[in-house]
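Beneath this line is the structure, given in structure tokens, with notes to follow.
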Amino acid sequence: MAGLPILIMLRREVAVWVVDLLWLSIIFVIARTVLRTRARRAEQTDGEFTRIDELTGLTDRRGFLEEAARLLTDVPKPPAVGAGSGGLSPGGRVSGPTTALMLIDVDRFGEINGGLGHEYGDRLLVAVSRRISAVRRPGDLLARISGDEFAVLLRGIDGEQARTVVDHVAVRVRDALGMPFVLAGMRAPLEVKVGIAIAPDHGTDVSELLGNAALALREAKKSHIGHRVYDTGLVRPSPARLRLRTELRAGLRGGQIELRYQPKADLRTGCVTGMEALVRWRHPVDGVRSPDLFLPDMEAMGLMPALTALVLRTALDECARWRAGGAALSVSVNVPASVIVDSGFAFEVRDALGKAGVPPAALCVEITEDSLIARREHAQRTLARLRTLGVRVSLDDYGSGYCSLAYLRDLPADELKLDRAFLREVERDSTAAEIVRSTIALAHTLGLRMVAEGVETTGLWALLAAWGCDEVQGYFVSRPMHGDQVLPWLRQWASRTGLSPAMITMGVGVPAGVRCSSVRRGSAVSAAAPARR
Ligand code: C2E
Ligand code: CA
Ligand code: CA
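The numbering used here puts the first residue of the sequence shown at 336, with every later residue one more than the last.
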């Protein structure tokens with residue numbers, strides 16, 4: 336009987352445990368539900384948060400894809416092949432409202448980031464997003480979908496007018512972004528390229544439209560045009576482009592590449608310091624074509640090393656002929672980034688100089704800022720080798736890119752060529768004038784000669800002379816000419832400037848007694864603009 340109370344006590348204990356366990360389970364379930372709900376809420380908030388791009392405050396890529404997919408559900412589908420005209424107008428356009436997707440890509444953004452640093456890169460992206468936002472149509476969805484790429488979904492476009500509307504919007508965006516941005520105290524011009532796909536002809540879902548807009552964008556970049564609407568021929572180069580490239584390759588081999596030469600003059604003395612070699616393509620049917628029309632294709636075909644070698648040889652041979660004719664001129668050759676990074680280029684130059692019998696100081700190599708940014712060490716090595724040979728180096732189109740002062744400080748160069756875009760405004764705009772004046776002072780502080788390009792007027796010549804610029808190049812002195820016109824032209828220039836024909840050239844590599852620099856002392860032409868022809 337003694338065991339009974341123990342049994343009762345044990346039962347009670349078990350009952351208390353069971354009750355405790357029950358309570359614990361209830362508390363556990365409640366706690367787990369609360370925690371899960373919180374986590375789900377946090378996830379949703381996070382999800383919403385990640386749909387906003389932190390830097391610009393615009394919708395991000397994920398947000399754009401989701402929202403665009405939703406908005407595209409009411410876009411009319413294209414009729415099946417063989418069906419009647421359905422929702423399409425006879426011209427193949429949609430009747431009723433439709434939607435277009437526009438991709439906007441900032442040109443050479445990598446250079447800005449590399450040249451000025453990420454902080455300025457970020458600031459630029461924010462400024463770009465604000466400008467696009469300011470010109471977008473009400474109700475259009477704008478997003479930053481990757482580093483320097485923005486997307487706009489244009490909604491409610493009249494299908495009949497779709498092409499006109501997208502062209503108009505693209506021009507507005509490019510104009511808004513075309514006005515220079517002020518970055519690191521500099522006016523930084525910016526270019527963008529735009530690719531567009533229109534629903535339903537170029538796709539009915541967001542991924543198809545995005546893919547086709549990207550193809551159109553790639554084509555706009557390749558052909559250096561501001562914006563491009565997708566068309567079905569974009570997948571491969573057009574037959575016309577393929578034909579042009581075949582002709583170009585044949586032209587390079589077949590003697591159709593020619594050079595023109597444009598003089599540079601010393602502003603203090605009026606002496607001609609040298610000639611810049613500028614390439615032309617004499618197409619057998621279409622006649623002479625300017626470099627802007629074929630250099631991008633040459634670059635795309637990997638022909639720039641062959642072209643540069645040809646230009647170098649031809650220009651040095653011509654220079655040797657001028658010098659033999661009594662004009663101690665130098666010659667400048669444009670060398671693209673793709674060639675300057677080649678470690679063998681300096682040796683090629685040395686051999687070409689030797690073959691032509693031209694002293695290295697009579698050759699100037701013009702490079703652009705992209706050479707200093709892409710594969711900088713390779714470019715610097717080649718430039719240092721060239722300068723050891725005695726060849727001069729010029730930084731061309733200065734001010735058109737994003738070269739930071741740090742690059743200039745370390746630049747193995749002898750002169751800076753100020754881009755002609757800078758000079759367009761100086762006679763009207765005091766800020767532009769101040770920028771040019773300070774750039775001249777900066778070049779001199781760094782021990783560089785300053786050459787101003789694109790000088791077309793007496794007024795500009797006089798201004799630049801007063802500001803202490805060293806040399807000018809431009810239509811005011813002369814347009815580019817054939818090599819055999821150079822000596823006769825020098826005689827005309829002598830009569831325009833009142834200089835003695837014997838002293839009209841700068842005299843690179845000739846005895847000091849006959850050098851133009853001797854005219855400079857006490858010269859009557861100092862800083863005076865030569866007479867207009
Ligand atoms: P660039 O090196 O800046 O050459 C100057 C360009 O400005 C030339 O155009 C010249 O004709 C033009 N120009 C000169 N003075 C004036 C002026 O007063 N007013 C105006 N409006 N324009 C002026 P071009 O010959 O059409 O050459 C265009 C560009 O093509 C050159 O710009 C250069 O970047 C490139 N290029 C030309 N020849 C070669 C070459 O042999 N090799 C390479 N890689 N590029 C070349
Ligand atoms: Ca040049
Ligand atoms: Ca230039």
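By construction, the Cβ of each residue, glycine as well, lies at the ideal position given by its N, Cα and C atoms.
None of the values given here were measured: they were computed from a predicted structure.
| Asked | Found |
| --- | --- |
| What are the boundary residues of the alpha helix (DSSP H) that includes Gly-622? | No alpha helix (DSSP H) holds Gly-622; the beta strand (DSSP E) holding it covers 622–624. |
| What does the alpha-carbon distance come out to for the pair Met-633 and Arg-386? | 42 Å |
| Shortest alpha-carbon distance to Lys-599 belongs to which of Trp-796, Ala-837, Gly-833? | Trp-796 |
| Out of curiosity, what's the CA-to-CA distance linking Gly-605 and Val-620? | 40 Å |
| So does Asp-731 have its beta carbon nearer than 6 Å to some heavy atom of ligand 2? | yes |
| In angstroms, rounded to a whole number, what distance separates the CA positions of Ala-756 and Leu-825? | 28 Å |
| With DSSP run on the structure shown, which of helix, strand or coil describes Phe-757? | helix |
| In this structure, does DSSP put Thr-840 in helix, strand or coil? | strand |
| Does DSSP put Gly-426 in a helix, in a strand, or in coil? | At Gly-426 the pLDDT is 35, less than 50, meaning the model places this residue with poor confidence; the figure from the coordinates comes in the next sentence. Looking at Gly-426 - three-state DSSP - the assignment turns out to be coil, as it is neither helix nor strand. |
| Under a Cβ-count criterion, where at least 16 other Cβ atoms within 10 Å of its own Cβ denotes burial, should Phe-682 be classed as buried or exposed? | exposed |
| For a test of your reading of the model: does the CB of Leu-613 fall under 6 Å from any non-hydrogen atom of ligand 1? Yes or no. | yes |
| Thinking C-alpha only, which one of Ser-813, Val-441, Arg-648 is nearest Lys-556? | Val-441 |
| Determine, for Ala-756, whether the minimum Cβ-Cβ distance to residues of chain D falls below 7 Å. | The structure shown contains no chain D; it is built from a single protein chain. |
| Is any heavy atom in ligand 3 found nearer than 6 Å to the beta carbon of Glu-788? | yes |
| Taking Cβ positions, are Ser-729 and Glu-704 nearer each other than 7 Å? | no |
| Taking 7 Å as the cut-off, decide whether the C-beta atoms of Thr-394 and Val-410 are in contact. | no |
| Can you name the start and end residues of the alpha helix (DSSP H) that Gly-445 belongs to? | 444–451 |
| In angstroms, rounded to a whole number, what distance separates the CA positions of Arg-396 and Val-487? | 11 Å |
| Just the C-alpha distance for Lys-752 and Asp-732, rounded to the nearest angstrom, thanks. | 6 Å |
| If you check the beta carbons only, do Val-541 and Leu-438 fall under 7 Å apart? | no |
| Within 6 Å: the Cβ of Pro-598 and any heavy atom of ligand 1? | no |
| What are the residues that DSSP puts in a beta bridge with Tyr-455? | BP columns for Tyr-455 are empty, so no partner. |
| Out of Thr-608, Met-610, Asp-627, state which residue places its alpha-carbon closest to the alpha-carbon of Trp-616. | Asp-627 |
| Go ahead and pull the three-state DSSP assignment for Thr-703. | coil |
| With a CB to CB cut of under 7 Å and the five nearest residues on each side skipped, what residues in its chain are close to Ile-775? | Met-785, Trp-802, Gly-803, Cys-804 |
| Using the rule of at least 16 other Cβ atoms within 10 Å of the residue's Cβ for burial, across every protein chain shown, is Val-517 buried or exposed? | exposed |
| For Pro-865 and Gly-609, what's the separation of their Cα atoms in angstroms? | 17 Å |
| Going by CA-CA distance only, name the one from Val-500, Gly-622, Leu-476 that's closest to Gln-591. | Gly-622 |
| For ligand 2, I want to know if Asn-448 counts as a neighbour, meaning its beta carbon is within less than 6 Å of at least one of the ligand's heavy atoms. | no |
| Could you tell me the alpha carbon to alpha carbon distance between Met-521 and Glu-760, rounded to whole angstroms? | 15 Å |
| Report back the beta-carbon spacing between Arg-576 and Gly-530 to the nearest angstrom; my notes put them in contact at under 8 Å. | At roughly 17 Å, the Cβ-Cβ gap does not stay under 8 Å, so Arg-576 and Gly-530 are not in contact. |
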